[in-house]
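Colleague: This is the structure I want to talk about, given as structure tokens.
See below:
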């Protein structure tokens, strides 16, 4: 709660470990950890639910809320076992909240899970991974609980516990008439900056008088004129959430009496009295009372009628008569004191609670000092949301340290059974996690042969498997082996052994019988050799990593019967200790002298031999870098001819060959298609090209008219490499492939460019061109048009961006390519269409036909299902990848592109479109003269005020362009913005405060809506839910209390209800308002669809339609298919090298927070 609110806790344990059959997210046998020493349970974070955890813990620590919820039994709420039955009314949210609180109270686990609760909210994994506002969640949760508890005895739970009233009073200074207005609230917002405490903040916000005078006079109904007046608010909260601060006790006399009464002898040293006081109230005497009452000893002396100090003032006790007289009262006060000083943390029955502050941070619950809390919020940070609880509320004695108090019997039984199951699972898990397998190799069953240990009979008979507890000591293991091996006599030594290619080798000896197997780092599946520590089968065994045996392949010349060497090589395996000298090979092979060559086992396909100098023959095999599988060749030092050369093999002292592969791409006949050219990083490209021409046996004329071009993985030829570059300067790696191509490479003042026609770039279809870097964009465009066989001047150039899409256009046609930062290898796109002049916009214009009968559109209804063609035919368009829906479909008709000055106004743009061509001004230049606009006279558009302009976003209307006289430059449209025009039946001139909404009345008895009707809402009085509800009620001539409204979310096929009660009171002088439909979760804007339900004819909470159900099902199927495709892609990409970069996961749009509740009316 006081930790970092944005530091997520990813403890991934499953939602329910004890009876719901859900899979764990961690190890299958891993039960949740038990509670820590604080005896409090945290709540696991699902990825982004820290705000939810804080709110739930606060409500859980509010006993009035918790116990009121527990008082509702299954007869009112139903049972979770019946939630899937079609006719059962199960109030899932209150039931899951009850169950979560019972887990926090009674279940012995470190942290509870909220997965079942969020599932009852209707949340998906997307909501659980997003951060949201805790105040917004509090309001939505309370609203969901109110809806869920309709018709039960807890229907007024929220209103009963979390309710207050504010009375707004305005007093006339002339006639003293008082005008009052009373409003309800559930929470209050206060400004805490530059105030000393909460009382000051509340005073400034709700008590301080506000004066109406001068230019801000008040109209008094009694005086019937503008007069001076004063306004103030009076708040009357009932019970308002839980206070996170403890009640302070200001009477030190009562505290000291309580401390002394708890002492058996009623006598205590004064120093210990101060320490016990600190332990009891959490703050020392000097910090809390010294300034007011003086030192502790002086205070005791002044109250000699109660306290008795010894002669040296070192000890203190209570006077006996005082003790006898007030003991019962003092103990009662002390009990109350403890209640006040503790946060009353509920815990398990067998663990005492301790009075202390606690930092509840998701799964972790830790003690925290009061000064740490003050330090947390003394800087720029402040507590965002505080919960308060009336200090007069008393807890009954039976609730003290009793977490089972008021918990329903069925939950008590469930938690008791869950605790028993957790204990069994922990015992099983403890056994599973701490037992491991050991492989015992018995010395009497092995013999030492060829440098390593080998079984006498078989591996199965010589090795025993033993399951053992790794928390036990080495002595326990030795004793267990003694009991297993009844035949063993003498000393027993245990050593770690490992299998190597030569056999079994013994490494370090295990010592320290008092150490556990974990402390000596014995691993699961370890091989243990059991022997006497000296010999096996009468042979002394070398042990340790220094003498680890190496299995090497030794090649040496065969010897004839006349003791002469033959031309044949013998290839034989030998085993040598790692610390033996390389010269010992001569002794092992019975060869007196010679030359030793070694070949690394890492070489693949080719052998790379290196001669070992005579002075290095005394080095060990390990020092020489030999490993298992390495090869050694012994050759006569007097033999000048290599035996391997005679066998057709290549021997060289060079370990690595640097080369480049050059392919013949000159379309000339050659004996070779490709050759390898040896080179270094400092080799010049010109030398490599000349060597390639010679080895490919091509014409010498190519030396003057050819170049080398790198070939990428896909076989594409890249930009030619200048001849004067070295391989290092050209950033070419050894082993790269180059193509020998006709044509000269560009010079240092030239650019090699790729280009293609259109924005659809297909690999391998690009054309190439070499131009001077000083050439202008206009001249470069002419060269490209000429090479591609195109004509005309209605073309422009765009640079391809890193996404292989058309980027920004090259606007400055007179600028040089060098000035525009173009470089060799860049790709330019030839795009049809001339760029507009500077200061002008090229705007594609669409005609927008909303769904619904407009009388002058009737003649075109048969065209609405057609797709768009160049002739400008109607098309029906909908959200991509979403099912067709009445609220999502739009019809757009492409009219053409226009050029218009950025200084023109929106009204002038509408005028140019709506007027006949002869009346259009020079502000507009039609780019497509062959495309004629439709005759607007047949649509009867009398003036531009009968047109509404929208930007086009994602193929549908986006932002509403509302002010006629505003210049297009001020809208910041950009060069790629498209505009659609919507015809109207009457004039419209929307101002900045107007919001255009599409309203639809729900049809009674049907899951459908009437055709949409436009509604203009004036938000000058605020973006509040009440203001919108009044506007809708007035528009449809319905009582405001008899309508329900909801915003439609087409991307989710869901309806978000707008609440019917004001949740937030704000002062007029405070401009920041929290009850704002512009903010989360509604984000209301122009063009949003508002559904309206008439409660006079239909009393149902469901706003959805049949199309919504179909749309959600299709979305689920689409999401499932996408998940399967991602999994398949992940499997295919498992072979991709780790260094390869994967495209970043796109960030989704911010989603509003909502809780789905069933209907219980």
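In the numbering used here, the protein residues as written are 134 to 1294. Cβ coordinates follow ideal geometry from the N, Cα and C atoms, glycine included.
Do residue 842 and residue 874 have their C-beta atoms closer together than 8 Å?
Modeller: Numbered from its first residue, the chain shown carries residue 842 at position 709. Numbered from its first residue, the chain shown carries residue 874 at position 741. Yes, the pair counts as a contact, with Cβ atoms nearer than the cut-off.
Colleague: I need the straight-line Cα distance from residue 670 to residue 664, nearest angstrom please.
Modeller: Residue 670 sits at position 537 when you count from the first residue of the chain shown. Residue 664 sits at position 531 when you count from the first residue of the chain shown. Distance between the alpha carbons of residue 670 and residue 664 is about 10 Å.
Colleague: Could you check how far apart the C-beta atoms of residue 942 and residue 967 are, in whole angstroms? I think they sit under 8 Å.
Modeller: For this step, residue 942 is matched to residue 809 along the chain shown. For this step, residue 967 is matched to residue 834 along the chain shown. Actually they are not in contact, since the Cβ atoms of residue 942 and residue 967 sit about 11 Å apart, beyond 8 Å.
Colleague: Whose C-alpha, out of 263, 286, 250 and 186, is nearest the C-alpha of residue 203?
Modeller: Taking the chain shown and counting its residues from 1, the one referred to as residue 203 is at position 70. Of the candidates 263, 286, 250 and 186, the one whose C-alpha sits nearest the C-alpha of residue 203 is 286.
Colleague: Please specify which runs of the beta strand (DSSP E), each continuous and at least 3 residues long, are wholly inside the segment 903-968, giving them in chain order.
Modeller: Segments of the beta strand (DSSP E) lying fully in the segment 903-968: 928-933, 939-942 and 960-965.
Colleague: Using the rule of at least 16 other Cβ atoms within 10 Å of the residue's Cβ for burial, across every protein chain shown, is residue 789 buried or exposed?
Modeller: As a first step, residue 789 is located in the chain shown; it is residue number 656 there, counting from the start. For residue 789, the predicted structure reports a pLDDT of 45, less than 50, and the residue's modelled location is therefore unreliable. A value from the coordinates is still provided. By the 10 Å Cβ count, residue 789 comes out exposed.
Colleague: By DSSP, does residue 1134 sit in helix, in strand, or in coil?
Modeller: Taking the chain shown and counting its residues from 1, one reaches residue 1134 at position 1001. Residue state, collapsed to three classes: strand.
Colleague: Indicate the three-state DSSP secondary structure (helix, strand or coil) for residue 596 in the structure shown.
Modeller: Translated into positions along the chain shown, residue 596 becomes position 463. Here residue 596 sits in strand by DSSP.
Colleague: Grab me the residues of residue 965's own chain with a C-beta within less than 7 Å of its C-beta, minus the 5 sequence neighbours each way, in chain order.
Modeller: In the chain shown, residue 965 corresponds to position 832, counting from 1. So the list reads 927 and 928, once near-sequence residues are dropped.
Colleague: Which same chain residues end up closer than 6 Å to residue 608 when comparing Cβ atoms and leaving out the 5 residues on each side of it in sequence?
Modeller: Position 475 of the chain shown, counted from the first residue, corresponds to residue 608. For residue 608, where only same-chain residues beyond five positions count, the Cβ hits under 6 Å are 646.
Colleague: From the DSSP output, which residues share a beta bridge with residue 573?
Modeller: One-based indexing of the chain shown puts residue 573 at position 440. Residue 573 pairs with 597 and 661.
Colleague: With H, G and I counted as helix, E and B as strand and the rest as coil, what does DSSP make of residue 501?
Modeller: Looking up residue 501 in the chain shown gives position 368. Reduced to three states, the DSSP call for residue 501 is coil.
Colleague: How is the beta strand (DSSP E) around residue 419 delimited, first residue to last?
Modeller: Start at 1 with the first residue of the chain shown, and residue 419 comes out as number 286. Note, residue 419: premise wrong, no beta strand (DSSP E); alpha helix (DSSP H) at 418-421.
Colleague: For residue 314, does the three-state DSSP call read helix, strand or coil?
Modeller: Within the chain shown, the letter at position 181 stands for residue 314. It is a strand residue.
Colleague: Which of the three DSSP states, helix, strand or coil, is assigned to residue 196?
Modeller: Taking the chain shown and counting its residues from 1, the one referred to as residue 196 is at position 63. Reduced to three states, the DSSP call for residue 196 is helix.
Colleague: DSSP on residue 616, reduced to helix/strand/coil?
Modeller: Within the chain shown, numbered from 1, the residue matching residue 616 stands at position 483. Correct three-state label for residue 616: helix.
Colleague: Suppose you measure from the CA of residue 998 to the CA of residue 1127; what does that come to, to the nearest Å?
Modeller: On the chain shown, position 865 is the one that residue 998 refers to. On the chain shown, position 994 is the one that residue 1127 refers to. Bear in mind that the predicted position of residue 998 carries a pLDDT of just 34, short of 50, making it unreliable; the figure below should be weighed with that in mind. One C-alpha to the other measures close to 33 Å.
Colleague: Who are the near neighbours of residue 657 in its chain, counting only those whose CB is closer than 7 Å to its CB and skipping five residues on each side?
Modeller: Position 524 of the chain shown holds residue 657. Taken in chain order, the residues that qualify are 569 and 570.
Colleague: Looking at residue 867: is its Cβ nearer than 8 Å to the Cβ of residue 955?
Modeller: If you number the chain shown from 1, residue 867 lands on position 734. If you number the chain shown from 1, residue 955 lands on position 822. Cβ distance not < 8 Å, so residue 867 and residue 955 don't count as in contact.
Colleague: Look at the alpha carbon of residue 847 and the alpha carbon of residue 905, and state the distance between them as a whole number of angstroms.
Modeller: Looking up residue 847 in the chain shown gives position 714. Looking up residue 905 in the chain shown gives position 772. Using only the alpha carbons, I get a separation of about 29 Å.
Colleague: To which residues of the same chain is residue 1078 closer than 7 Å at the C-beta, ignoring the five residues directly before and after it?
Modeller: One-based indexing of the chain shown puts residue 1078 at position 945. For residue 1078, where only same-chain residues beyond five positions count, the Cβ hits under 7 Å are 1120, 1121 and 1122.
Colleague: Among the candidates 1161, 1139, 1183 and 1030, whose CA atom is the shortest distance from the CA of residue 1231?
Modeller: As a first step, residue 1231 is located in the chain shown; it is residue number 1098 there, counting from the start. Per the Cα distances, 1139.
Colleague: Going by alpha carbons, who is nearest to residue 756 out of 729, 732 and 712?
Modeller: As a position in the chain shown, residue 756 is number 623, starting the count at 1. The residue with the shortest Cα to Cα distance from residue 756 is 712.
Colleague: State the Cα-Cα distance for the pair residue 558 and residue 548, rounded to the nearest angstrom.
Modeller: In the chain shown, counting from the first residue as 1, residue 558 sits at position 425. In the chain shown, counting from the first residue as 1, residue 548 sits at position 415. Each residue's alpha carbon lies about 15 Å from the other.
Colleague: Can you give me the start and stop residues for the alpha helix (DSSP H) that residue 1103 sits inside?
Modeller: As a working note, residue 1103 is residue 970 in the chain shown. Where residue 1103 is concerned, the enclosing alpha helix (DSSP H) stretches over 1101-1104.
Colleague: Could you check where the beta strand (DSSP E) with residue 842 kicks off and where it finishes?
Modeller: Indexing the chain shown from 1 puts residue 842 at position 709. Segment 839-843, the beta strand (DSSP E) holding residue 842.
Colleague: Whose C-alpha, out of 708, 1141, 659 and 169, is nearest the C-alpha of residue 681?
Modeller: As a first step, residue 681 must be located in the chain shown, where it is residue number 548. Among 708, 1141, 659 and 169, the Cα nearest to that of residue 681 is on 708.
Colleague: According to DSSP, is residue 447 helix, strand or coil?
Modeller: Along the chain shown, one-based indexing puts residue 447 at 314. Of the three classes helix, strand and coil, the one that applies to residue 447 here is coil, per DSSP.
Colleague: Check whether the Cβ atoms of residue 169 and residue 498 sit closer than 8 Å, and answer yes or no.
Modeller: Taking the chain shown and counting its residues from 1, the one referred to as residue 169 is at position 36. Taking the chain shown and counting its residues from 1, the one referred to as residue 498 is at position 365. The answer is yes: Cβ separation under 8 Å.
Colleague: Is DSSP giving residue 646 helix, strand or coil here?
Modeller: Residue 646 sits at position 513 when you count from the first residue of the chain shown. Residue 646: coil per DSSP, three-state reduction.
Colleague: Would you identify the three-state DSSP class for residue 109, choosing helix, strand or coil?
Modeller: Look at the range of the chain in this structure, 134 to 1294, and you will see that residue 109 is not part of it.
Colleague: Would you report the Cα separation of residue 743 and residue 853, rounded to the nearest angstrom?
Modeller: Here residue 743 refers to the residue found at position 610 of the chain shown. Here residue 853 refers to the residue found at position 720 of the chain shown. Roughly 39 Å between the two C-alpha positions.
Colleague: Rounding to the nearest angstrom, what Cα-Cα distance links residue 1169 and residue 1226 in this structure?
Modeller: Here residue 1169 refers to the residue found at position 1036 when the chain shown is read from its first residue. Here residue 1226 refers to the residue found at position 1093 when the chain shown is read from its first residue. Cα to Cα, residue 1169 sits roughly 11 Å from residue 1226.
Colleague: Taking 8 Å as the threshold, find out whether the segment 1246-1254 comes into contact with the segment 1138-1158 through three or more Cβ pairs.
Modeller: These segments do not touch.
Colleague: So, residue 119 versus residue 225, is the Cβ gap smaller than 8 Å?
Modeller: Summary: the structure shown does not reach residue 119, with the chain confined to residues 134 through 1294, and so no result is reported for it.
Colleague: Would you report the Cα separation of residue 289 and residue 200, rounded to the nearest angstrom?
Modeller: Residue mapping note: residue 289 aligns to position 156 of the chain shown, counting from 1. Residue mapping note: residue 200 aligns to position 67 of the chain shown, counting from 1. Approximately 14 Å, taken between the alpha carbons.
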